[in-house]
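In full-length UniProt numbering, the protein residues as written are 1 to 296.
If you want it as structure tokens, here you go:
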């Protein structure tokens with residue numbers, strides 16, 4: 001990339017605060033950068049204040065550092081690991097990037113990270129600045145940051161809602177596109193006292209099948225009740241066995257309790273015996289599960 005006399009947003013905001021007009025202009029331009037990247041069928045996967053370069057005099061803003069950039073259709077997207085990601089990257093990472101949400105990491109992770117960036121620019125601090133490591137992962141999954149307008153009285157409640165909509169824990173609940181965010185921001189800028197439904201003009205550019213399963217509420221609640229008993233020390237330990245024919249939905253059932261367990265600081269690991277794999281390692285299922293536990 002050519003030198004266009006810019007510095008990172010992180011560097012600029014270390015010494016300067018943004019006026020609202022500057023903030024709104026940066027938010028629009030940043031959303032356009034993200035939108036263009038998504039239109040090229042890629043997503044950044046590591047958006048942060050350090051990866052946006054800004055020349056205040058010319059108004060030019062550019063997104064940089066595509067080291068972990070992924071294709072929209074790619075399956076193996078990097079998830080958080082305390083030995084791979086520094087604390088700065090983890091501060092901007094989405095809940096699904098923790099690997100503890102039973103959610104695929106897709107382009108919507110950029111929208112969450114974008115929300116963290118806007119929160120920092122608006123408030124002057126990160127949503128979970130006081131957390132690190134495993135506590136930071138837990139915060140991304142289960143904790144709600146203080147509302148921006150409660151931290152900074154100069155922030156309009158509607159703008160605060162727009163930022164918080166980017167920070168929804170579930171990718172299905174946040175903005176589905178950078179264009180949808182831009183539409184809401186333009187609506188706010190045209191009439192700042194106009195109260196509107198945030199996200200109402202947002203349309204997903206991609207089809208996403210629901211992960212919800214039906215007819216298993218009783219079984220799901222039973223599993224959660226057993227976990228609650230162990231978690232509250234009513235039981236010192238418990239072994240729960242789930243059996244059923246191949247293809248009946250055992251994995252799908254377990255995946256439904258993945259998120260609630262992690263919200264209560266439960267550790268969720270898994271391994272699988274592959275009946276069709278030749279020369280399988282003895283106890284390979286347990287090795288796989290404990291390897292994930294160590295890495296987490």
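The beta carbon of each residue, even a glycine, is placed where N, CA and C say it ideally should be.
Residue 55: member of the beta strand (DSSP E) spanning 52-55, first to last residue.
Per the C-alpha coordinates, the member of 3, 132 and 166 positioned closest to residue 60 is 3. Put simply, the stretch 28-41 does not touch the stretch 87-98. Fewer than three CB pairs are less than 8 angstroms apart. Residue 217 and residue 260 have their C-alpha atoms some 14 angstroms from each other. Residue environment: residue 177 is assigned as buried (16 or more neighbouring CB atoms within 10 Å of its CB, all protein chains considered). Distance from the Cα of residue 140 is smallest, within the candidate group 282, 148 and 128, for 128. Non-local C-beta neighbours of residue 244 in its own chain, meaning closer than 7 angstroms and more than five positions away in sequence, comprise 250, ordered along the chain. Residue 203 counts as exposed, since fewer than 16 other beta carbons sit within 10 angstroms of its beta carbon. Excluding sequence positions up to five before and after residue 31, its CB lies within less than 6 angstroms of the CB of 178, 181 and 182, all in the same chain and listed in chain order. In the DSSP assignment, residue 182 falls within the alpha helix (DSSP H) that extends over 178-190. If you check the CB distance, residue 47 and residue 110 come in under 7 angstroms. According to the DSSP assignment, residue 166 belongs to the alpha helix (DSSP H) that extends over 157-166. Straight through space, the alpha carbons of residue 123 and residue 152 are spaced by roughly 6 angstroms. Nearest C-alpha to residue 107 among 191, 42, 29 and 226: 42. When beta bridges are read from the DSSP output, residue 60 appears opposite 55. Cβ-Cβ separation between residue 49 and residue 120: approximately 6 angstroms, consistent with a contact (criterion under 8 angstroms). The Cβ-Cβ distance between residue 51 and residue 69 does not fall below 7 angstroms.
Taking C-alpha positions only, residue 191 is separated from residue 28 by approximately 16 angstroms. In the same chain as residue 285, and ignoring 5 residues on each side of it, the C-beta atoms closer than 8 angstroms to its own belong to 271, 272 and 273, in chain order.
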